[in-house]
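For the record, the sequence lines run as chains V and C.
For the first sequence, the working numbering assigns the number 7 to the initial residue and increments by one for each residue that follows.
For the second sequence, the working numbering assigns the number 1486 to the initial residue and increments by one for each residue that follows.
Where is the CB? At the ideal position from N, CA and C, for every residue including glycine.
The model shown is predicted, which means the values in this text are computed figures rather than measured ones.
First the structure, in the form of structure tokens, and then the observations on it.
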Amino acid sequence: MRSRFPLLLSGLAFAAAHLAFGQGTGMSLPKTVEAGSAFSIQSTGTGKATLYIIGPEQVLKRDVQLGQAAFFPAGSLYNAGRYTAVLAQESSTQNGSLDVLPASKPVDLSFFAKPSRLPIGLHDGITGTVYLFDTYHNLIPSSMPVSFELSTPSGTVQKRTVATREGAAWTAMDSTSQQGVDRFVVRIGDVSSTRIIGQVPGDPCGLKMNARQSGQQVELVTDPVRDCSGNAIPDGTIVTFTATYKGTQSTIDQPLKHGIADATMRVHAGATLSVASGVVMGNQIGWNK
Amino acid sequence: MTTRRFLIALYAGFTAISCSMAAQVAVRVEPMTLQTTRPLPDQTRAAVIRDYLHAWQGFQAALEQNRPELLEADFVGTAKDKIADTIRQQGVLGIRTRYQDRSHDLQVLFYSPDGMSIELTDKVEYDVQLVDHDKVIATQRESARYLVVLAPAEVRWRIRVFQSTHD
Chain V
7 MRSRFPLLLS
17 GLAFAAAHLA
27 FGQGTGMSLP
37 KTVEAGSAFS
47 IQSTGTGKAT
57 LYIIGPEQVL
67 KRDVQLGQAA
77 FFPAGSLYNA
87 GRYTAVLAQE
97 SSTQNGSLDV
107 LPASKPVDLS
117 FFAKPSRLPI
127 GLHDGITGTV
137 YLFDTYHNLI
147 PSSMPVSFEL
157 STPSGTVQKR
167 TVATREGAAW
177 TAMDSTSQQG
187 VDRFVVRIGD
197 VSSTRIIGQV
207 PGDPCGLKMN
217 ARQSGQQVEL
227 VTDPVRDCSG
237 NAIPDGTIVT
247 FTATYKGTQS
257 TIDQPLKHGI
267 ADATMRVHAG
277 ATLSVASGVV
287 MGNQIGWNK
Chain C
1486 MTTRRFLIAL
1496 YAGFTAISCS
1506 MAAQVAVRVE
1516 PMTLQTTRPL
1526 PDQTRAAVIR
1536 DYLHAWQGFQ
1546 AALEQNRPEL
1556 LEADFVGTAK
1566 DKIADTIRQQ
1576 GVLGIRTRYQ
1586 DRSHDLQVLF
1596 YSPDGMSIEL
1606 TDKVEYDVQL
1616 VDHDKVIATQ
1626 RESARYLVVL
1636 APAEVRWRIR
1646 VFQSTHD
């Protein structure tokens, strides 16, 4: 089917069509129409014809009386785009083009915020992208200011105002030093959209353990594990205790419970005890008992 | 890769596709004017443009055959819904429309910082032919500037916004 169309276009039918289009100007088209607005198309001549308005976004077909205006009420043509209008009679056709423009007032927006969860203290770690649409979900290409606002439970607010370009705007915000749930809001006029961003503690900071004899073994206990801003590291985070003695190592992985981790190990005198969580190293203790 | 080499490589690839359509489509890719700090890798740019041009074939076939399911591979969301509605309107009215793109002049405008959307413009020339109950009513050459937003899907970029604009 596809291969027949180019042949049609390049053949006599195409040439004939162009000749027909060149005859007269029997149709007066508005150059532009705002999406959803009423409009009319005036024709000249006598008799009946069929008026087509076609585009990938929408098609209309109407029987018309030549010499009268064909009136299209509000809501007839609402998808923005380039349309071809064809006024067809039995023996001839006239055609032209008109553009349907998006309404200027945004009533809908698509807001993408990433990520939904991130560690505290990341510069430009949170990004937001917005696209503006009119009531018929046409992208609004004209530039207009959009406000982004990121607020934390503690009341800290970051604000940015960005002008859209071709319907899109974006911003980047810093995650703050406090864990919790942030509200990321984009607003234009009375239209807004909110996304929730979870800020979680960063890596452990100043990881420290203490060791004490417990019978034949040694009991190792960390201090409450926090990030560098003082936020408690979540329970379940793995802490690794290691005892090194004459080139051999024994390790125990323990999850944080109530903010601390503990383990009991059999340790030789002269061993070195260390603690770590992920890539973060804590203190070392030389065990000489 | 320089813009010129990229254009040639892309055009060579697209010419191969076009040969099977018995129609040559000229494709030009303008230098990017990105309004984001996220760099757009050449491979990503090539994939986006390849998928966008492929989508033209899908939408042409869908509107010519009045088969909305042909949009599935290349369109998503509002763009798919709007063209699918057009196809349903065509079916009700007994008409079909044949679109044949002649040239594309593409420019990537925006790559979102999260990598989840790309916006481009396409100054496209195309022929549109109106067929009413199997009778060719008219054919017209059109030029329009399309504003396109694509989003990554499983194996390709799919069109989320496909809208011609007043230039």
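Identify the contact partners of residue i in chain C, using a Cβ-Cβ distance below 8 Å as the criterion.
i	result
residue 101(V)	1623, 1625
residue 60(V)	1580, 1582, 1613, 1615
residue 147(V)	1632, 1650
residue 144(V)	1648
residue 172(V)	1594, 1595, 1604, 1606, 1632
residue 289(V)	The premise fails here: residue 289(V) is roughly 39 Å from chain C at the closest Cβ pair, so nothing lies under 8 Å.
Look at the Cβ atom of residue i, then the Cβ atom of residue j, and state whether they are nearer than 8 Å.
i	j	result
residue 207(V)	residue 180(V)	no
residue 1621(C)	residue 60(V)	no
residue 1559(C)	residue 1539(C)	yes
residue 213(V)	residue 268(V)	no
residue 81(V)	residue 91(V)	no
residue 1523(C)	residue 1579(C)	no
residue 177(V)	residue 163(V)	no
residue 1662(C)	residue 1594(C)	Since the first residue shown for chain C is 1486 and the last is 1652, residue 1662(C) is missing from the structure and cannot be characterised.
residue 244(V)	residue 185(V)	no
residue 93(V)	residue 199(V)	no
residue 1545(C)	residue 1584(C)	yes
residue 1611(C)	residue 1590(C)	no
residue 76(V)	residue 34(V)	no
residue 190(V)	residue 138(V)	no
residue 32(V)	residue 74(V)	no
residue 275(V)	residue 203(V)	no
residue 175(V)	residue 224(V)	no
residue 1525(C)	residue 58(V)	no
Candidates the options: which alpha carbon is nearest residue i's?
i	options	result
residue 239(V)	245(V), 231(V), 246(V)	231(V)
residue 193(V)	151(V), 223(V), 163(V), 46(V)	151(V)
residue 154(V)	146(V), 141(V), 195(V)	195(V)
residue 144(V)	1649(C), 1619(C), 1609(C)	1649(C)
residue 270(V)	288(V), 110(V), 103(V), 216(V)	216(V)
residue 197(V)	117(V), 126(V), 50(V), 57(V)	117(V)
residue 278(V)	248(V), 50(V), 106(V), 141(V)	248(V)
residue 252(V)	244(V), 292(V), 229(V), 261(V)	292(V)
residue 1582(C)	1641(C), 1624(C), 1510(C)	1624(C)
residue 1646(C)	255(V), 96(V), 105(V), 62(V)	62(V)
residue 281(V)	275(V), 229(V), 294(V)	229(V)
residue 107(V)	147(V), 74(V), 138(V)	147(V)
residue 273(V)	222(V), 111(V), 265(V)	222(V)
residue 1510(C)	1535(C), 1641(C), 1576(C)	1535(C)
residue 1537(C)	1561(C), 1548(C), 1526(C), 1567(C)	1561(C)
residue 140(V)	113(V), 55(V), 201(V)	113(V)
residue 159(V)	205(V), 122(V), 149(V)	205(V)
residue 1643(C)	1592(C), 1577(C), 1617(C), 1564(C)	1564(C)
For the alpha helix (DSSP H) containing residue i, list its first residue and its last residue.
i	result
residue 72(V)	Taken as a continuous stretch (DSSP letters only), residue 72(V) belongs to no alpha helix (DSSP H), as it is neither H nor E.
residue 1539(C)	1527 to 1550
residue 292(V)	That residue, residue 292(V), is in no alpha helix (DSSP H); its beta strand (DSSP E) goes 286 to 293.
residue 1573(C)	1562 to 1578
Looking at the secondary structure, which residues open and close the beta strand (DSSP E) in which residue i lies?
i	result
residue 167(V)	163 to 169
residue 1514(C)	1511 to 1514
residue 216(V)	215 to 220
residue 189(V)	186 to 194
residue 1627(C)	1620 to 1637
residue 40(V)	38 to 40
residue 123(V)	123 to 125
residue 5(V)	Only positions 7 to 295 of chain V appear in the structure, and residue 5(V) is not among them; the question remains open.
residue 95(V)	Looking at the DSSP string, residue 95(V) is not in any beta strand (DSSP E), and its letter there is neither H nor E.
residue 203(V)	197 to 206
residue 61(V)	54 to 61
residue 252(V)	Neither: residue 252(V) is in no beta strand (DSSP E) and is coded neither H nor E.
Starting from residue i, find everything on chain V with Cβ-Cβ shorter than 8 Å and list it in chain order.
i	result
residue 1601(C)	118, 120, 135
How would you list, in chain order, the residues of chain C whose beta-carbon sits under 9 Å from the beta-carbon of residue i?
i	result
residue 63(V)	1567, 1568, 1570, 1571, 1647, 1648, 1649
residue 178(V)	1522, 1598
residue 85(V)	1567, 1570, 1571, 1648
Is any non-hydrogen atom of the ligand NAD found closer than 7 Å to the C-beta of residue i, if you look at the structure I gave you?
i	result
residue 165(V)	Looking at this structure, you won't find the ligand NAD or any other ligand, since it has none at all.
Which chain V residues are close to residue i, counting only those with a beta carbon under 7 Å from its beta carbon?
i	result
residue 1563(C)	143
residue 1485(C)	A query on residue 1485(C) cannot be resolved here, the shown segment of chain C reaching from 1486 to 1652 and no further.
residue 1548(C)	62
residue 1528(C)	Simply none; closest approach about 21 Å.
Which residues in chain C sit within 7 Å of residue i, going by Cβ to Cβ distance?
i	result
residue 92(V)	1615, 1622, 1623
residue 67(V)	1578, 1580
If the cut is a Cβ gap below 9 Å, which residues of chain V does residue i touch?
i	result
residue 1560(C)	Going along chain V, no residue has its Cβ under 9 Å from residue 1560(C), so there is no contact; the nearest lies around 11 Å.
Do the region 74 to 86 of chain V and the region 123 to 139 of chain V touch if we need at least three Cβ pairs shorter than 8 Å?
No contact exists between the region 74 to 86 of chain V and the region 123 to 139 of chain V.
contact_flag[the region 62 to 71 of chain V, the region 31 to 45 of chain V] where n(CB pairs < 8 Å) is 3 or more:
no
Are there three or more Cβ pairs, one per stretch, closer than 8 Å when the region 41 to 52 of chain V is compared with the region 1618 to 1636 of chain C?
No, they do not touch.
Any contact between the region 1629 to 1644 of chain C and the region 1602 to 1610 of chain C? By contact I mean 3 or more CB pairs, one from each, below 8 Å.
yes
Between the region 1547 to 1556 of chain C and the region 285 to 295 of chain V, do three or more beta carbon pairs fall short of 8 Å?
no
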